[in-house]
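Novice: Here it is, the structure, as C-alpha coordinates.
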Amino acid sequence: MSRTRSLITGGAGFVGSHLVDRLMADGHEVLVLDSLQTGRRANIRRWIGHERFTLIEHDVIDPWPRLFGFDRVYHLACAASPAKHQKDPIHTMRTSVEGTLRALEVARASGARFFLASTSEVYGDPTVHPQPESYRGTVHTTGPRACYDEGKRAAEALTSDFARMYGVDVRIARIFNTYGPRMDPFDGRVITDFVRRALEGEPLRVFGDGTQTRSFCYVSDLVEGIERLMTHDAPPLVTNLGNDREVTIGELARRVHAICGGVGLHFEDLPEDDPLRRRPDLSRAREFLDYEPQVPLNVGLAQVVARMRAELGLNRAVA
(Lines of atoms letter the chains of each structure in order from A; the text may use other names.)
(Lines give C-alpha, C1' and ligand atoms only; values in the text may rest on other atoms or scores of the structure.)
Protein backbone atom coordinates (compact mmCIF):
# COMPACT_ATOMS: atom_id res chain seq x y z
CA MET A 4 0.00 0.00 0.00
CA SER A 5 1.25 3.50 -0.80
CA ARG A 6 1.97 5.76 2.16
CA THR A 7 0.69 9.27 2.64
CA ARG A 8 3.60 11.66 1.98
CA SER A 9 3.48 14.77 4.14
CA LEU A 10 5.65 17.88 4.15
CA ILE A 11 5.74 19.91 7.37
CA THR A 12 7.43 23.29 7.44
CA GLY A 13 8.42 24.20 10.99
CA GLY A 14 8.22 20.54 11.95
CA ALA A 15 10.96 20.83 14.58
CA GLY A 16 9.03 23.48 16.47
CA PHE A 17 6.76 23.04 19.47
CA VAL A 18 3.48 22.35 17.64
CA GLY A 19 5.18 21.00 14.52
CA SER A 20 7.05 18.27 16.39
CA HIS A 21 3.85 17.02 18.03
CA LEU A 22 2.25 16.91 14.58
CA VAL A 23 5.26 14.90 13.35
CA ASP A 24 4.67 12.40 16.17
CA ARG A 25 1.03 12.04 15.17
CA LEU A 26 1.72 11.55 11.46
CA MET A 27 4.57 9.11 12.06
CA ALA A 28 2.32 7.10 14.39
CA ASP A 29 -0.32 7.09 11.61
CA GLY A 30 2.18 5.63 9.13
CA HIS A 31 2.94 8.71 7.04
CA GLU A 32 6.19 9.37 5.24
CA VAL A 33 7.21 12.74 6.70
CA LEU A 34 9.63 15.37 5.42
CA VAL A 35 10.35 18.28 7.75
CA LEU A 36 11.68 21.57 6.41
CA ASP A 37 12.94 23.70 9.30
CA SER A 38 15.69 26.31 9.75
CA LEU A 39 16.04 25.37 13.46
CA GLN A 40 16.08 29.07 14.29
CA THR A 41 13.23 28.60 16.73
CA GLY A 42 12.63 24.85 16.31
CA ARG A 43 14.87 22.37 18.10
CA ARG A 44 16.45 19.18 16.81
CA ALA A 45 15.78 17.58 20.19
CA ASN A 46 12.04 17.83 19.51
CA ILE A 47 12.30 15.37 16.61
CA ARG A 48 15.39 13.39 17.65
CA ARG A 49 13.41 10.19 18.11
CA TRP A 50 12.61 10.13 14.38
CA ILE A 51 16.01 11.01 12.92
CA GLY A 52 17.28 7.96 11.04
CA HIS A 53 13.80 6.45 10.66
CA GLU A 54 13.15 5.19 7.13
CA ARG A 55 9.94 7.24 6.85
CA PHE A 56 11.40 10.49 8.17
CA THR A 57 13.58 13.17 6.56
CA LEU A 58 14.82 16.47 7.99
CA ILE A 59 16.01 19.23 5.67
CA GLU A 60 17.53 22.18 7.52
CA HIS A 61 16.44 25.14 5.42
CA ASP A 62 14.91 28.61 5.83
CA VAL A 63 11.55 28.82 4.05
CA ILE A 64 12.25 32.34 2.76
CA ASP A 65 15.22 31.07 0.73
CA PRO A 66 14.78 29.24 -2.60
CA TRP A 67 13.68 25.71 -1.79
CA PRO A 68 15.29 22.48 -2.92
CA ARG A 69 13.21 20.63 -5.51
CA LEU A 70 10.35 19.05 -3.58
CA PHE A 71 7.34 17.34 -5.10
CA GLY A 72 5.05 14.34 -4.88
CA PHE A 73 3.33 15.12 -1.56
CA ASP A 74 -0.20 14.24 -0.56
CA ARG A 75 -0.32 16.84 2.18
CA VAL A 76 1.57 20.06 2.91
CA TYR A 77 1.38 21.48 6.44
CA HIS A 78 2.76 25.02 6.66
CA LEU A 79 3.62 25.83 10.28
CA ALA A 80 6.93 27.68 9.88
CA CYS A 81 7.00 31.00 11.74
CA ALA A 82 8.21 32.24 15.11
CA ALA A 83 5.08 32.31 17.28
CA SER A 84 6.09 33.99 20.55
CA PRO A 85 6.09 37.83 20.54
CA ALA A 86 9.64 37.96 21.88
CA LYS A 87 10.90 35.84 18.99
CA HIS A 88 8.86 37.22 16.12
CA GLN A 89 9.65 40.81 17.16
CA LYS A 90 13.39 40.07 17.36
CA ASP A 91 13.58 40.13 13.55
CA PRO A 92 10.21 41.47 12.37
CA ILE A 93 11.20 41.65 8.71
CA HIS A 94 12.17 37.98 8.70
CA THR A 95 8.89 37.16 10.46
CA MET A 96 6.88 38.95 7.78
CA ARG A 97 8.88 37.31 4.99
CA THR A 98 8.33 33.89 6.58
CA SER A 99 4.59 34.41 6.53
CA VAL A 100 4.47 35.79 2.99
CA GLU A 101 7.37 34.27 1.01
CA GLY A 102 7.38 31.02 2.99
CA THR A 103 3.65 30.56 2.48
CA LEU A 104 3.98 31.28 -1.23
CA ARG A 105 6.71 28.64 -1.64
CA ALA A 106 4.74 26.07 0.37
CA LEU A 107 1.64 26.72 -1.70
CA GLU A 108 3.62 26.29 -4.91
CA VAL A 109 4.80 22.86 -3.73
CA ALA A 110 1.22 21.92 -2.82
CA ARG A 111 -0.03 23.06 -6.22
CA ALA A 112 2.68 21.16 -8.11
CA SER A 113 2.02 18.04 -6.04
CA GLY A 114 -1.77 18.20 -6.14
CA ALA A 115 -1.55 18.12 -2.33
CA ARG A 116 -4.01 19.16 0.33
CA PHE A 117 -2.64 22.29 2.02
CA PHE A 118 -2.85 23.37 5.67
CA LEU A 119 -2.01 26.89 6.85
CA ALA A 120 -1.34 27.44 10.53
CA SER A 121 -2.79 30.91 10.99
CA THR A 122 -3.41 32.53 14.37
CA SER A 123 -5.91 34.19 16.63
CA GLU A 124 -3.63 37.23 16.34
CA VAL A 125 -5.38 38.07 13.06
CA TYR A 126 -8.25 39.29 15.27
CA GLY A 127 -5.95 41.85 16.96
CA ASP A 128 -7.35 43.32 20.17
CA PRO A 129 -10.90 42.19 19.47
CA THR A 130 -14.07 44.20 19.98
CA VAL A 131 -16.21 41.07 19.45
CA HIS A 132 -16.17 38.33 22.09
CA PRO A 133 -15.80 35.41 21.68
CA GLN A 134 -14.21 35.70 18.24
CA PRO A 135 -15.99 33.92 15.34
CA GLU A 136 -14.29 33.34 12.00
CA SER A 137 -16.52 36.02 10.43
CA TYR A 138 -14.97 38.72 12.64
CA ARG A 139 -12.45 40.74 10.61
CA GLY A 140 -10.38 41.96 13.53
CA THR A 141 -8.81 45.20 14.74
CA VAL A 142 -5.10 44.81 13.99
CA HIS A 143 -2.70 47.73 14.42
CA THR A 144 -0.94 47.59 11.07
CA THR A 145 2.11 49.65 12.10
CA GLY A 146 2.51 48.38 15.67
CA PRO A 147 5.28 46.10 16.99
CA ARG A 148 3.12 42.97 16.64
CA ALA A 149 2.16 43.71 13.02
CA CYS A 150 4.99 41.60 11.57
CA TYR A 151 3.20 38.51 12.87
CA ASP A 152 -0.44 39.61 12.82
CA GLU A 153 -0.35 41.17 9.36
CA GLY A 154 2.00 38.49 8.05
CA LYS A 155 -0.54 35.81 8.93
CA ARG A 156 -3.36 37.83 7.41
CA ALA A 157 -1.34 38.05 4.19
CA ALA A 158 -0.70 34.30 4.37
CA GLU A 159 -4.45 33.70 4.63
CA ALA A 160 -5.01 35.91 1.57
CA LEU A 161 -2.38 34.02 -0.46
CA THR A 162 -3.84 30.68 0.57
CA SER A 163 -7.34 31.78 -0.39
CA ASP A 164 -6.11 33.06 -3.76
CA PHE A 165 -4.40 29.74 -4.57
CA ALA A 166 -7.70 28.02 -3.84
CA ARG A 167 -9.63 30.40 -6.10
CA MET A 168 -7.12 30.66 -8.95
CA TYR A 169 -5.63 27.17 -9.07
CA GLY A 170 -8.11 24.97 -7.25
CA VAL A 171 -5.64 24.02 -4.50
CA ASP A 172 -7.42 22.13 -1.71
CA VAL A 173 -6.68 24.40 1.27
CA ARG A 174 -7.61 24.59 4.94
CA ILE A 175 -6.81 27.52 7.26
CA ALA A 176 -6.79 27.11 11.05
CA ARG A 177 -6.76 30.17 13.29
CA ILE A 178 -4.91 28.73 16.25
CA PHE A 179 -5.48 30.12 19.74
CA ASN A 180 -2.96 30.01 22.60
CA THR A 181 -1.43 26.52 22.63
CA TYR A 182 0.77 25.03 25.35
CA GLY A 183 2.36 21.74 26.34
CA PRO A 184 5.68 19.89 26.59
CA ARG A 185 8.54 21.03 24.31
CA MET A 186 7.79 24.72 24.64
CA ASP A 187 11.00 26.73 24.92
CA PRO A 188 11.36 27.77 28.60
CA PHE A 189 12.74 31.12 27.46
CA ASP A 190 10.30 31.98 24.66
CA GLY A 191 8.56 34.66 26.74
CA ARG A 192 5.05 33.26 26.42
CA VAL A 193 3.00 33.52 29.56
CA ILE A 194 2.78 29.83 30.54
CA THR A 195 6.46 29.10 29.97
CA ASP A 196 7.47 32.33 31.66
CA PHE A 197 5.29 31.63 34.72
CA VAL A 198 6.40 28.01 35.07
CA ARG A 199 10.10 28.72 34.61
CA ARG A 200 10.07 31.61 37.08
CA ALA A 201 8.12 29.59 39.65
CA LEU A 202 10.51 26.64 39.37
CA GLU A 203 13.52 28.93 39.71
CA GLY A 204 12.07 30.70 42.77
CA GLU A 205 11.39 34.03 41.07
CA PRO A 206 8.22 36.16 41.26
CA LEU A 207 5.83 35.59 38.37
CA ARG A 208 5.93 38.52 35.95
CA VAL A 209 2.39 39.76 35.24
CA PHE A 210 1.84 42.38 32.57
CA GLY A 211 -1.02 44.77 33.30
CA ASP A 212 -3.29 44.06 36.27
CA GLY A 213 -3.81 40.37 35.51
CA THR A 214 -7.46 40.73 34.46
CA GLN A 215 -6.75 40.23 30.75
CA THR A 216 -7.82 36.80 29.52
CA ARG A 217 -6.60 33.97 27.32
CA SER A 218 -7.99 30.55 26.37
CA PHE A 219 -5.29 27.87 26.53
CA CYS A 220 -5.39 24.73 24.41
CA TYR A 221 -3.22 21.70 25.18
CA VAL A 222 -1.13 20.68 22.21
CA SER A 223 -2.64 17.20 21.76
CA ASP A 224 -6.09 18.78 21.43
CA LEU A 225 -4.78 21.16 18.78
CA VAL A 226 -3.12 18.36 16.78
CA GLU A 227 -6.36 16.40 16.91
CA GLY A 228 -8.16 19.42 15.49
CA ILE A 229 -5.59 19.84 12.72
CA GLU A 230 -5.97 16.22 11.67
CA ARG A 231 -9.77 16.39 11.74
CA LEU A 232 -9.52 19.45 9.51
CA MET A 233 -7.12 17.73 7.10
CA THR A 234 -9.18 14.54 6.81
CA HIS A 235 -12.52 16.31 6.29
CA ASP A 236 -13.53 16.26 2.63
CA ALA A 237 -15.13 19.71 2.52
CA PRO A 238 -14.55 21.81 5.63
CA PRO A 239 -14.98 25.59 5.78
CA LEU A 240 -12.05 27.60 4.41
CA VAL A 241 -11.22 29.05 7.84
CA THR A 242 -11.73 27.35 11.20
CA ASN A 243 -10.86 28.42 14.74
CA LEU A 244 -8.97 25.77 16.72
CA GLY A 245 -8.27 26.03 20.42
CA ASN A 246 -10.01 25.78 23.76
CA ASP A 247 -12.84 28.13 24.66
CA ARG A 248 -12.40 27.89 28.44
CA GLU A 249 -11.32 31.44 29.23
CA VAL A 250 -9.15 32.32 32.25
CA THR A 251 -7.58 35.52 33.47
CA ILE A 252 -3.82 35.82 33.65
CA GLY A 253 -4.17 36.28 37.41
CA GLU A 254 -6.01 32.96 37.67
CA LEU A 255 -3.33 31.29 35.54
CA ALA A 256 -0.68 32.58 37.95
CA ARG A 257 -2.58 31.12 40.90
CA ARG A 258 -2.83 27.74 39.18
CA VAL A 259 0.90 27.68 38.45
CA HIS A 260 1.63 28.53 42.09
CA ALA A 261 -0.68 25.74 43.23
CA ILE A 262 1.23 23.18 41.14
CA CYS A 263 4.85 24.20 41.69
CA GLY A 264 4.93 26.91 44.34
CA GLY A 265 6.27 30.41 43.96
CA VAL A 266 7.21 33.63 45.68
CA GLY A 267 4.49 36.06 44.61
CA LEU A 268 3.84 38.30 41.63
CA HIS A 269 5.68 41.18 39.99
CA PHE A 270 3.52 43.58 37.93
CA GLU A 271 4.75 45.41 34.84
CA ASP A 272 3.13 47.64 32.23
CA LEU A 273 1.06 45.92 29.56
CA PRO A 274 2.98 45.73 26.24
CA GLU A 275 1.75 47.79 23.30
CA ASP A 276 -1.13 46.19 21.37
CA ASP A 277 -1.39 43.25 23.80
CA PRO A 278 -5.00 41.94 23.49
CA LEU A 279 -7.15 42.28 26.61
CA ARG A 280 -9.47 39.36 25.86
CA ARG A 281 -9.00 36.25 23.76
CA ARG A 282 -11.49 33.39 23.39
CA PRO A 283 -12.41 31.41 20.28
CA ASP A 284 -15.91 30.78 19.07
CA LEU A 285 -15.63 27.05 18.33
CA SER A 286 -19.11 26.62 16.84
CA ARG A 287 -17.73 25.94 13.36
CA ALA A 288 -15.16 23.38 14.57
CA ARG A 289 -17.80 21.61 16.64
CA GLU A 290 -20.31 21.51 13.77
CA PHE A 291 -18.01 20.38 10.96
CA LEU A 292 -15.25 18.51 12.79
CA ASP A 293 -17.04 17.25 15.89
CA TYR A 294 -14.13 18.91 17.68
CA GLU A 295 -14.01 19.18 21.46
CA PRO A 296 -10.84 19.89 23.48
CA GLN A 297 -10.29 17.25 26.14
CA VAL A 298 -7.35 18.21 28.38
CA PRO A 299 -8.18 20.35 31.45
CA LEU A 300 -5.82 23.26 32.14
CA ASN A 301 -4.53 21.87 35.44
CA VAL A 302 -3.67 18.53 33.81
CA GLY A 303 -1.85 20.21 30.96
CA LEU A 304 0.01 22.58 33.27
CA ALA A 305 1.25 19.63 35.31
CA GLN A 306 2.73 18.14 32.13
CA VAL A 307 4.48 21.41 31.30
CA VAL A 308 5.88 21.66 34.83
CA ALA A 309 7.21 18.10 34.77
CA ARG A 310 8.87 18.57 31.40
CA MET A 311 10.38 21.92 32.33
CA ARG A 312 11.75 20.61 35.63
CA ALA A 313 13.65 18.01 33.64
CA GLU A 314 14.80 20.44 30.96
CA LEU A 315 16.08 22.96 33.50
CA GLY A 316 17.87 20.18 35.39
CA LEU A 317 15.82 20.59 38.54
CA ASN A 318 15.24 16.86 38.95
CA ARG A 319 16.31 13.58 37.36
CA ALA A 320 12.95 12.63 35.94
CA VAL A 321 12.10 13.02 32.26
CA ALA A 322 8.52 13.91 31.37
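Residue numbering for the sequence shown follows my numbering, starting at 4 and increasing by one per position. For glycine and all other residues, C-beta sits at the position ideal for the given N, C-alpha and C.
Measure the C-alpha to C-alpha separation of residue 92 and residue 154 and round it to an integer number of angstroms.
Specialist: If you take the alpha carbons of residue 92 and residue 154, they lie about 10 Å apart.
Novice: What's the gap between the Cα of residue 246 and the Cα of residue 220?
Specialist: Roughly 5 Å separates the two Cα atoms.
Novice: Just to confirm my understanding: we take residue 275, look at its own chain, exclude 5 residues before and 5 after, and list those with CB closer than 7 Å. What are they?
Specialist: If we look at residue 275 and ignore the five residues flanking it on each side, its Cβ neighbours are 146 and 147.
Novice: Can you tell me where the beta strand (DSSP E) with residue 77 in it begins and where it stops?
Specialist: Here the beta strand (DSSP E) through residue 77 covers 75-78.
Novice: Put residue 184 into one of helix, strand or coil per three-state DSSP.
Specialist: It is coil, neither helix nor strand.
Novice: Taking residue 83 as part of the beta strand (DSSP E), name the residues at either end of that continuous run.
Specialist: Element bounds for residue 83: n/a, residue is neither H nor E.
Novice: Within the region 245-288, note down every full beta strand (DSSP E) run reaching 3 residues or more, in order along the chain.
Specialist: The region 245-288 contains these whole beta strand (DSSP E) runs: 249-251 and 268-271.
Novice: Using the C-alpha atoms, what's the distance from residue 207 back to residue 127?
Specialist: When rounded, the distance between both Cα atoms is 25 Å.
Novice: Specify the secondary structure class of residue 179 as computed by DSSP and reduced to three states.
Specialist: Note: residue 179 maps to coil in three-state DSSP.
Novice: Taking the beta carbon of residue 159 as the centre, do at least 16 other beta carbons fall within 10 Å, making it buried, or is it exposed?
Specialist: Buried, by the Cβ-count rule.
Novice: Enumerate in chain order the residues of its own chain whose CB-to-CB distance from residue 238 is below 8 Å, with the five nearest sequence positions on each side excluded.
Specialist: These residues qualify, in order along the chain: 174, 232, 291 and 292.
Novice: In angstroms, rounded to a whole number, what distance separates the CA positions of residue 305 and residue 314?
Specialist: Roughly 14 Å between the two C-alpha positions.
Novice: Could you tell me the distance, in whole angstroms, from the CA atom of residue 298 to the CA atom of residue 24?
Specialist: Approximately 18 Å between the Cα atoms of the pair.
Novice: So with Cβ pairs under 8 Å, would you call residue 281 a contact of chain B?
Specialist: Looking at the structure shown, chain B is missing, and only one protein chain is on hand.
Novice: Within its chain, find whatever has a CB closer than 6 Å to the CB of residue 97; leave out the 5 residues flanking it on each side and keep chain order.
Specialist: For residue 97, where only same-chain residues beyond five positions count, the Cβ hits under 6 Å are 64.
Novice: Between which two residues does the beta strand (DSSP E) holding residue 237 run?
Specialist: Segment: none, residue 237 is in no beta strand (DSSP E) and carries neither H nor E.
Novice: Could you check the C-alpha separation between residue 190 and residue 42 for me, to the nearest Å?
Specialist: C-alpha separation (whole angstroms): 11 Å.
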